[in-house]
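**Student:**
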Amino acid sequence: MDVDKCIACGMCAEKCPKKVINEYDAGLAKRKAAYVKYAQAVPLKYAIDDNCIYLTKGKCRACEKFCPADAINFDDKPKEFTIQAGAILIAPGNEVYDPATYDTYGYQQSPNIVTSLEFERILAATGPFAGHLVRPSDHKEPEKIAWIQCVGSRDVHEGSQPYCSGVCCTYAIKEAIIAKEHQKGALDAAIFYIDIRTHGKDFERYYNRAQDADVRFLKSKISTIRPAGDTGNLIIGYTDETGRRIDEEFDMVVLSVGFAKSKDAIELAQRLDIELDQYQLAQTSSFEPVQTSRPGIFVCGTFESPKDIPQSVIEASASAAMVERSLSESRWSLTQTKETVEEIDVQGETPRIGVFVCCCGTNIAGFLQVPEVVEYAKTLPNVVFAEDNLFSCSQDTQEKITQIIKEQKLNRVVVAACTPRTHEPLFQETVLNAGINKYLFEMANIRNQCSWVHSNDNEAATQKAKDLVRMAVSKVGLLSPLSDPEIDMTRSALVIGGGLSGITAARNLARQGYVTYVVEKSDALGGQALNLYETWQGEDVQQKLTALIKDIESDENIRIIKNAEIKEVNGFVGNFQTTVESAGKEESIDHGVAIIATGAEEFKPDQYLYGEDPRVLTGLELDRKFIDNDLSLDEIKSAVFIQCVGSRIKERPYCSKVCCTQSVKNALRLKELKPEMDVFILYRDMRTYGLREGLYREARDKGVIFIRYDFNRELTVAKADDDLQVRCTSYVLQREVEIKPDLLVLATAIVPPQENAMAQLFKVPLNDDGFFVEAHVKLQPIDFSTKGVFVCGLAHSPKPVDEAIAQGLGAASRAGTFLAQEKVQGNAIVSKIDPQVCWGCGKCVENCPYHAIELIQLEGNKRVSQVQEALCTGCGACSVICPTGAASVFHFNDREVLTMVDAMLG
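Quick note on numbering: the working numbering labels position 268 of the sequence shown as 1277, and the sequence is numbered without any gaps.
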């Protein structure tokens, strides 16, 4: 065990099956690695004694597997072996900036100055303080915490990176909110920032939520932190918005560190002979965002560029799509089939129920008494085993639950944890691995429906958790085994929308070998990309787009239908039937999957003289002038860009993500065409995230003037003697500024259609802003909850060219996982109708949203309803409307549901 790397988290001791790992005092000397700072506060390390299974028998290695700091290594001799592969996907990631490299903040001098990752460990249930928010020096609960942004990012000092790391603003806001929740709102949290860059989907709402929760946001670049005597407190000197110099004392300071170069990743790239960019990241392009310089080698994650979790997952799918395309001819040739455990017949057995209550770190255990819930579960009828788990969804706990099911001979399982929406399939697989039918399982959601909504009342949350567990136990005892039906897969795809993301998905699917239909409502392919001049990297969009369109129009596997309208959608995953009308004719398309890429539009404002004066343009309109070479530069001596027109307001509380970069790019273009032109950008926060920060730096170097305006004071555009007159209040100068430009460019919002028929036709949801809602923002950012339907491009959220293409590829990959199969599993939880009770009124037929019920004729002219199980989703609409009680849903029949009601009232 490497004591230098050990972070004293205790994970190895917890996971050791023989409990042979013990604490020992390592002193205060080990402080090199970021996490290891906690040696000062928690001077205990871990050591392995001679009874270790691996040391005696060469097995186990659980401690090595679960060590988060890579501190345990059994020093096996490296084994060389050869893998024959048709493609390579690399995702080596990046390092995190070490603030000790250029220690301007005194990081090494004070234990109460921690990095953001160290703060995550403090908050974590598996961390050095078991999830209790205390400061390292004296274990006192802090009353004031400051976050300093852009540590190691947007900086040219030694070891820092000039780019924006893209994730730090949002994770600092998250940490501040969680810290305030830990302290029941009593904590004073302050975030010192240069620009708040909450540019991701719904991130702006999170920023607004933090402001509503009284997190303070102070725009100031912090250069030093001073100790406050021997109190352990820290003094931050900063200049406020009025220009006053202020010294403020804090109990702790969190350094929001960004990404740094990874030596291992760079060495891997050198071995693979792929090119790196100026930042020592994998060189890619906007139109091939996961393709490295070497054919057959693809990249995803932060080694391509800084990015958050959703974009990393999208890029992972995009890389998989490129691999699927490359290996399509050899599909299934080396596939191994997973061995399934034979199912145990438990019919007729007395229920033996096991209850597993998850702590979810501190998400549940921090707000209710988990041990008390476990003890209560043990008293419930037919419960023969109950225990708590730190993280029930972790791999080791899954294996443990499987073993317990076998040892205790359980035939029913209840997991009290988070939402079944994301984790039910995981736990069902765990039950299957123990030989139990996966439908003999029930989840009690004690996180979303309990600990999160009752975070301020521990006693009430604990009681509600008991109620939810009691209800789940009462139901699971009545459940019967079910079998998922197998459905034949129609191995073709429908892509709705012929914009950049949609046609990217179509081309990839076609090259995987699948027939793909592209339905476009207009008479031209390309979508909003038809109006884009260049990508942020300088690529000619029109040239690339023209080649892409030509490519798919000549592909034999792709059929394009323009000027089309989708009239009706029937069916389900594997067997969709979509009716399309074009040129006055209707046709039905059979397809197994669908990708919704219906796009979005540029907002057309009714302010700032737009539509009244020809000198006032939107960002896309300026791009169009560049494309057509239709800009009269002789008449333009000065230009002004106004950011966030229609975005980040009450009506549209989201960031449109692309506007800042587009304005900076176009400002540089104007400077290139006419260097003497005065160019101004009026902004709220400059959100040139990731590697786009280089454009922002270049624009400042070339004389583009950036003015941060006070959003709370009116920005006006008027005519004065035929001149345009722009007035705003400068945040820095705290005075009104007036500019008379010859060209005014409005960076307007990206807005979804006011009405989107696809949402209703495919039964998929929209958020409050009108963009489609994915199944899970991080785990499934491309899938819908409706199986076999996927989303990509602007229909999902505002995004630039490279991200739209990556999501189009990702959608193709996700669709390909279904299309590659001859059959897919349907849903066993469907409606059933008792023909003995049904009197054929047809109300269920009329009310079924999936057209899954039909009336059939029996002998004696009796009509009854019959469910087409392949079409049914188990929504229960028929059960509600049925006047005779003939309709019900498997696992949600009257007896099972009313048993839960009785248990709740019990």
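Think of the CB as a built atom: it goes at the ideal place given N, C-alpha and C, for glycine as much as any other residue. Fair warning: this is a prediction, and the values are worked out from it, not measured in the lab.
With 16 other CB atoms within 10 Å as the buried threshold, where does I1748 fall?
**Tutor:** buried
**Student:** Could you tell me which of R1516, G1536, I1575 and G1535 sits nearest to D1560, measuring between CA atoms?
**Tutor:** R1516
**Student:** Assign T1587 to one of two classes, buried (16 or more other C-beta atoms within 10 Å of its C-beta) or exposed (fewer than that).
**Tutor:** Classification of T1587: buried, given that the 10 Å Cβ count is 16 or more.
**Student:** Report the three-state DSSP secondary structure of K1841 (helix, strand or coil).
**Tutor:** strand
**Student:** Put G1246 into one of helix, strand or coil per three-state DSSP.
**Tutor:** Three-state DSSP puts G1246 in a strand.
**Student:** Is it buried or exposed for E1660, if we count other Cβ within 10 angstroms and need 16 for buried?
**Tutor:** exposed
**Student:** By alpha-carbon positions, which one of H1432, A1395, S1321 and A1603 ends up nearest to L1419?
**Tutor:** Ranking H1432, A1395, S1321 and A1603 by Cα distance to L1419 puts A1395 first.
**Student:** Return the CA-CA distance between P1774 and S1295, expressed in angstroms with no decimal places.
**Tutor:** 29 Å
**Student:** Taking all protein chains shown into account, decide if A1050 is buried (16 or more other Cβ within 10 angstroms of its Cβ) or exposed.
**Tutor:** Note on A1050: pLDDT 36, under 50, position unreliable in the model; the coordinate value appears next. That one is buried.
**Student:** For Q1877, I'd like the list of residues in its chain whose CB is within less than 8 Å of its CB, leaving aside the five on either flank, ordered along the chain.
**Tutor:** For Q1877, where only same-chain residues beyond five positions count, the Cβ hits under 8 Å are A1861, I1862 and E1863.
**Student:** Please classify L1700 as buried or exposed, where buried requires at least 16 other C-beta atoms within 10 Å of its C-beta.
**Tutor:** buried
**Student:** Along the chain, which unbroken stretches of the beta strand (DSSP E) at least 3 residues long are found entirely within the stretch 1585-1643?
**Tutor:** 1594-1600, 1602-1605 and 1625-1627
**Student:** How far does the alpha helix (DSSP H) with P1319 in it reach, from first residue to last?
**Tutor:** Looking at the DSSP string, the run of the alpha helix (DSSP H) that includes P1319 is I1318 to S1335.
**Student:** Would you identify the three-state DSSP class for L1281, choosing helix, strand or coil?
**Tutor:** helix
**Student:** Check F1715 in the structure and name its three-state DSSP category.
**Tutor:** strand
**Student:** Taking D1632 as the reference, which of I1598, G1506, H1432 and L1677 has the closest Cα?
**Tutor:** Among I1598, G1506, H1432 and L1677, the Cα nearest to that of D1632 belongs to L1677.
**Student:** Which whole-angstrom value is the C-beta distance of T1757 and G1655, which I expect to be below 8 Å?
**Tutor:** Contact check for T1757 and G1655: beta-carbon distance about 5 Å, within the 8 Å limit, so the pair qualifies.
**Student:** Please confirm if the stretch 1618-1638 is in contact with the stretch 1506-1526, defined as three or more CB-CB distances below 8 Å between the two stretches.
**Tutor:** no
**Student:** Count the other CB atoms within 10 Å of the CB of D1811; is the residue buried (16 or more) or exposed (fewer)?
**Tutor:** buried
**Student:** Between the Cα of N1121 and the Cα atoms of D1211, D1221, I1244 and I1203, which residue gives the shortest distance?
**Tutor:** Cα-wise, what sits closest to N1121 is I1244.
**Student:** Between the stretch 1104-1113 and the stretch 1312-1323, are three or more C-beta pairs nearer than 8 Å?
**Tutor:** no
**Student:** Could you please give the first and the last residue of the uninterrupted alpha helix (DSSP H) stretch that includes S1342?
**Tutor:** Taken as a continuous stretch (DSSP letters only), S1342 belongs to no alpha helix (DSSP H), as it is neither H nor E.
**Student:** Sorted by chain position, which residues of the same chain lie with C-beta nearer than 8 Å to K1046's C-beta, five sequence neighbours on each side aside?
**Tutor:** For K1046, the pLDDT reaches just 39, beneath the cut-off of 50, and the residue's location in the model is therefore unreliable, leaving the point undetermined.
**Student:** Applying the criterion that 16 or more other CB atoms from any shown protein chain within 10 Å of the CB defines a buried residue, is P1684 buried or exposed?
**Tutor:** Classification for P1684: exposed.
**Student:** How about the stretch 1324-1341 and the stretch 1800-1820: do they share at least three Cβ pairs that are nearer than 8 Å?
**Tutor:** yes
**Student:** So if DSSP puts T1555 in a beta bridge, which residue, or which two residues, is it bridged to?
**Tutor:** Per DSSP, none; premise fails for T1555.
**Student:** Below 7 Å CB to CB, which residues in the same chain sit around D1286 once its five sequence neighbours on both sides are set aside?
**Tutor:** Excluding positions up to five away in sequence, the list reads Q1292.
**Student:** My guess is that L1142 and E1150 are in contact by the Cβ rule of under 8 Å, so how many angstroms apart are they, rounded?
**Tutor:** 6 Å
**Student:** Return helix, strand or coil for Q1877, following the three-state DSSP convention.
**Tutor:** coil
**Student:** Using a Cβ-Cβ cut-off of 7 Å (strictly less than) and excluding sequence neighbours within five positions of C1021, which residues of its own chain qualify?
**Tutor:** I1030, Y1055, C1072, F1075, C1076 and I1081
**Student:** Check the DSSP bridge columns for T1725 and list the partner residues they point to.
**Tutor:** T1725 pairs with R1736.
**Student:** Report the option in G1444, Q1417 and D1282 whose CA atom is closest to the CA atom of E1348.
**Tutor:** Comparing alpha-carbon positions, the option among G1444, Q1417 and D1282 lying closest to E1348 turns out to be G1444.
**Student:** Under the DSSP definition of a beta bridge, which residues are partnered with K1228?
**Tutor:** Y1202
**Student:** I need the boundaries of the beta strand (DSSP E) containing L1770, first residue and last residue.
**Tutor:** L1770 -> not in any beta strand (DSSP E); alpha helix (DSSP H) instead, spanning A1766 to L1770.
**Student:** Would you mind reading off the limits of the alpha helix (DSSP H) that contains S1510?
**Tutor:** Following the DSSP letters along the chain, one finds S1510 inside the alpha helix (DSSP H) bounded by residues L1509 to Q1521.
**Student:** Given a cut-off of 9 Å on the beta-carbon distance, is the pair I1234 and G1115 in contact?
**Tutor:** yes
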